[in-house]
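>
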Amino acid sequence: MLFIPLPFVAALLLLVLLAQMSLREPTANRSFRSLVILLAALSVLIGIRWGYSTERLLPVQALFASAVGPLAWIGFAAFVSRQESQRVRRLWPHALPTALIGVLAIARPQWLDVALIVIFAWYAVLLARLAWRGSDALDLARIEEAPLVHRALQAMAATLLLAAIADSLISVSIRWFEGAFAAVIVSAATVPLILLLGIGAAIASRNTTPPEKGETPRLVPDSDSAVVATLIALIEEQQLYRDHNLTLQRLARKAGIPARLLSQAVNGVCGRNLSQFINDFRVAEACRLLENVDIPITTLTYDVGFLTKSNFNREFRRVTGVSPTEWRARRASRQEPILNFARRSL
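For the sequence shown, the working numbering begins at 98 and goes up steadily by one.
1) I need the DSSP call for THR151, collapsed to helix, strand or coil.
2) Quick check: the region 281-299 against the region 335-348, are there 3 or more CB pairs under 8 angstroms?
3) Quick one: measure Cβ to Cβ for LEU404 and GLU241, integer angstroms, because I've assumed they're closer than 8 angstroms.
4) Name the two residues that bound the continuous alpha helix (DSSP H) containing ILE101.
5) Tell me which residues share the same chain as LEU111 and place their Cβ nearer than 6 angstroms to its Cβ, disregarding the 5 neighbours each side in the sequence.
6) My output table needs one value for THR344: the three-state DSSP class, helix, strand or coil.
7) Take LEU139 as the anchor and find which of ALA330, GLN346, PRO289, VAL366 has the nearest alpha-carbon.
8) How long is the line joining the alpha carbons of LEU386 and ILE145, rounded to whole angstroms?
9) Looking at the structure shown, is ARG427 part of a helix, part of a strand, or coil, going by DSSP?
10) Taking 8 angstroms as the cut-off, does the region 212-226 touch the region 348-358 (at least 3 CB pairs, one atom from each stretch)?
11) Compare the C-alpha of ARG357 against each of THR256, VAL106, ASP233 and name the closest.
12) So, does the region 152-168 touch the region 191-204, judging by three or more C-beta pairs under 8 angstroms?
13) Tell me where the alpha helix (DSSP H) around GLU334 begins and ends.
14) Give the DSSP-derived three-state secondary structure of ARG239 in the structure shown.
15) Below 8 angstroms on the Cβ atoms is my contact criterion, and I expect SER420 with PHE413 to pass it. Report the Cβ-Cβ distance as a whole number of Å.
16) Taking a contact to mean a Cβ-Cβ separation below 7 angstroms, would you say LEU160 touches ILE198 in this structure?
17) Rounded to whole angstroms, what is the Cα-Cα separation between LEU347 and LEU237?
18) Taking only the alpha-carbon atoms, compute the straight-line gap between ASP391 and ALA426 and give it to the nearest angstrom.
19) Where does LEU111 sit, in a helix, a strand or coil, going by DSSP?
20) Quick check: the Cα distance between SER131 and LEU115, rounded to an integer number of angstroms?
21) State the DSSP-derived secondary structure class of ALA277, mapped to helix, strand or coil.
22) Whole angstroms is fine: what's the gap from TYR149's alpha carbon to LEU155's?
Structure (structure tokens):
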């Protein structure tokens, strides 16, 4: 009977996921695609190690594992704007963990397990710190997709922390229990965690927009309410909510107000994140278009700036309390539900 180790199956699933990522958005975040390839290769190495009881490729497996955290960090860092020179200076240190593992594999192989645990835990902390700043910190992500990318960031941080714990348990099992539980931990924890990392990378693998050039800050209004009033006037005048690729940085450039101040003002005055704030305008425009019974709901979903119908339906219900179909029916009978548009927060 043919024996196929479970990690091999996981590797195959990751390759299918990679194909879907490439077909969906060929120019998507390359770090995340590289991460999925790396995870597939790592899964194969784990399958060889535990499926065929060979340790010859353990140094290579350790090298691959050490690059998981850095690639995840680089992928999410692409959603945060910074000057190009700063980008280079901030990214090169993330090659150090893999270099360290390479040195230890030659000089002190007994320390590989400890080093990998520390690397996983360290990058879990780095990702958690970025996640703590909220979805508005991802100012190069499309505003509609920023909350989804933020949830993937949170999940990735948690998964890396769990990977550190799983590696610790495997190490304890090998050192003190002759590996009695190691294979079970690999099947029950390590392989599922690798799949979760791959799924998180696929979810976060969205196109980032290039940093805006030539931003010219104007005189910043002296209160959060004034900032929000300026922002609302700009959005309504230029219908910026219709832009599918709208980002916080692009909005800040057009308003001439620093992105951080924009985000803080919207959160403080409106009690919502920027994605919800912009979606309020999109829903308001959708309500207006729904007055025309000849316009299909699917068509107006994209006309008002939403990328997916599921997100449109969810946000429409959040703002109006009913579905688009119910709204149209109520408007036909003049039963208008209470709205929660951005302007009403002022």
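The beta-carbon is built from N, C-alpha and C at its ideal position, and this holds for glycine as well.
Here's the rundown:
1) coil
2) no
3) 5 angstroms
4) Careful: ILE101 lies outside any alpha helix (DSSP H) and carries neither H nor E.
5) VAL133, LEU136, ALA137, GLY295
6) strand
7) PRO289
8) 58 angstroms
9) helix
10) no
11) ASP233
12) yes
13) Bounds of the alpha helix (DSSP H) holding GLU334 are 321-335.
14) strand
15) 7 angstroms
16) Yes.
17) It is worth fixing the name first, because residue 347 is Arg in this sequence and not Leu. Approximately 8 angstroms between the Cα atoms of the pair.
18) 13 angstroms
19) helix
20) 9 angstroms
21) coil
22) 13 angstroms
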